[in-house]
Amino acid sequence: MVNRSRRAARWLFPLAVLVAAPALAPAGESGESGEPRWLENAKWLGDRFVEWQSPYGSTDLEKCPHRSPPGTPTIAVVQGIGPQVRALYQLYEQTGDERYKVAADRYAVFVFATLHDPPTPLTNKIQIAGETRDTNSSAWVYGKALSPCFEWFAKHNPEEDLLTLKAYAVYRWLQRHRRDDSYFGVGYPNGDFEDAQFSCDLGEVGTGLVGFYQVTGEEAALEDAKGLARYFLTDHQPGSARGVWSPAQGTWLVGPWPGGGAEHFTGQQYDQVGWGWSCFVVGEFLLELRDLVDDPELHATIDDHCLRALEWMLDNCQFDDGAHGMFGRDDKWVGQTAAAILLHSELRDRELITQEFREDYGPKIEKSWSWLLEHTGRDSFPDKGYVRVTGATTTKPSENLMWMMAWTVEALLAGGPEFAE
């Protein structure tokens, strides 16, 4: 198994601070339990994930308000589960509460049980007893399964190696999605375009490749991750899918092709806008890859793009009160505010926050943290983690609301020790 000290260190620091939390927490930061409010809020949200789990490991059809009904494509059902896995494991690391580990283990195994190899010809459709069914075979599903599900399960269950066999199968299936332009495709079309090649989905593929490599040491996966990174570090040119970075906006576009109407969208166009999803998902992948590659030029490009993406979030999406919108200052989202905190934490942990950034954006990220803390309590969390302002974003699909709740748990755990001091 590859050394994971860099990733582990991120969570050892908050744990160490937690031991001394009562002394560190300033007035007003302690919750009703006496714990730091950031930890109390994170546990309250994480407890929902435990309560919403079915006996067989999925989100429960009756208990979970964000589970789509039977007949929904399989990919929608598992969409919010992967992020819950990582959030629950992190809560377990912080608290030692076995409930979080048990739930995370079962969620991870459930995701692996749902996966399907890509049908031929490459599609997400399959016929079963005369009925067309959607399979779990998109590239992003494989990425989410490899990390956090496989990576974090293996980290917490080192004696169990059977999921490794399935992980290698998933990695082989992922190769079916290889392309000449974006290195991997997502595995479904965008209108007349053969593959949507959305940046957020392919960012998940990248994180999955890094996680798979971290556990297995499979060098081919690291090479795939480096190949995919070029897609995010290459400027977008209309009519091409070789790159998805927008120098003009200073962030990644949703996708390289024209179109609209996907999740949370109203009138936004994929090749014209950035959004908080890609800022964090892609940024996280590139920064994790950075840790594994000794290439100063690559490091410099990753550092520049990730810092600029965070600046884009703060310049374009942050409201005056600290809340963040999704494509801009559209509607206030707890999960999008959490995404900004998390990208900041990823950069901070690698000592990539420049003095200039601190001077220009330090007060803004602190304001993001304050709004997040104030809107994640039992009585303060807004319905669906969403506050309507313009109505330019939607709360569909429901599983994505759990995804952003998981980010919120992680952001509370990552930001608490820093911002509470």
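Residues 0 to 420 in numbering that gives the first Met the number 0 are what the sequence shown spells out, letter by letter. Don't be surprised by glycine CBs; every beta carbon is placed ideally from N, CA and C.
Asked                                                                                                                   : Found
Span of the beta strand (DSSP E), counted from its first residue to its last, around arginine 132                       : 130 to 133
Where tyrosine 385 falls: helix, strand or coil (DSSP)                                                                  : strand
C-beta atoms of isoleucine 352 and glycine 414 nearer than 9 Å                                                          : no
Opening and closing residue of the beta strand (DSSP E) in which lysine 62 lies                                         : Premise fails: lysine 62 is in no beta strand (DSSP E) and is neither H nor E.
Counterpart residues of valine 234 in DSSP-defined beta bridges                                                         : Checking the sequence shown, residue 234 turns out to be aspartate, not valine. According to DSSP, which records beta bridges pairwise, aspartate 234 is partnered with Trp244.
Other residues of its chain near tryptophan 332: CB distance less than 7 Å, five sequence neighbours each side excluded : His323, Gly324, Met325, Gly384, Tyr385 and Met403
Status (buried if at least 16 other CB within 10 Å, exposed otherwise) for isoleucine 364                               : buried
At least 3 beta-carbon pairs within less than 8 Å: the stretch 39 to 56 vs the stretch 103 to 111                       : yes
Candidates Phe356, Glu203 and Pro237, of which the one nearest glycine 79 by Cα                                         : Glu203
Glutamine 354 versus histidine 304: straight-line alpha-carbon distance, rounded                                        : 17 Å
As assigned by DSSP and simplified to three states, the class of glycine 207                                            : helix
Given 8 Å, three or more beta-carbon pairs between the stretch 237 to 249 and the stretch 213 to 223                    : no
Distance between beta carbons of cysteine 148 and glycine 81, contact taken as under 8 Å                                : 6 Å
The stretch 390 to 405 contacting the stretch 255 to 270, beta-carbon criterion three pairs below 8 Å                   : yes
Extent of the continuous alpha helix (DSSP H) run through lysine 366                                                    : 354 to 373
Cβ-based burial, alanine 26 [other Cβ within 10 Å; buried from 16]                                                      : Confidence is the limiting factor: at alanine 26 the pLDDT is only 31, short of 50, which leaves the residue's position unreliable, though a coordinate-based value still follows. So alanine 26 ends up on the exposed side.
Sub-9 Å separation of leucine 232 and leucine 285 beta-carbons                                                          : yes
Classification of glutamine 89 by the beta-carbon crowding that lies within 10 angstroms, buried from 16 upward         : buried
heavy atom of the ligand GTP below 8 Å from tryptophan 311 C-beta                                                       : The model on display carries no ligand, and the ligand GTP is accordingly not part of it.
Simplified DSSP state of glutamine 174, which is helix, strand or coil                                                  : helix
Distance between leucine 87 and tyrosine 99 (C-alpha atoms, nearest Å)                                                  : 5 Å
Reference cysteine 278; option with closest CA among Pro257, Glu350, Leu201 and Ala299                                  : Leu201
Nearest neighbour of threonine 122, chosen from Asp234, Ala138, Arg85 and Ser146 [CA to CA]                             : Ala138
Reduced DSSP secondary structure (H/G/I, E/B, other) of proline 25                                                      : Any reading at proline 25 is ruled out, since the residue's pLDDT is 40, under 50, leaving its predicted position unreliable.
Cutoff 6 Å; reference aspartate 329; Cβ partners in own chain excluding five residues on either side                    : Thr389, Ala391 and Thr392
Closest Cα partner of lysine 165 within the set Asn315, Ala337 and Thr113                                               : Thr113
Separation of proline 295 from alanine 308, as counted between CA atoms                                                 : 20 Å
Three-state class that DSSP yields for histidine 323 in the structure shown                                             : strand
Opposing strand residues paired with lysine 124 [DSSP bridges]                                                          : Asp133
Terminal residues of the alpha helix (DSSP H) in which tryptophan 151 lies                                              : 150 to 155
Assigned exposure category for arginine 357 - 16 Cβ within 10 Å defines buried                                          : exposed
Strand pairing of proline 35, partner residues [DSSP]                                                                   : Ser29
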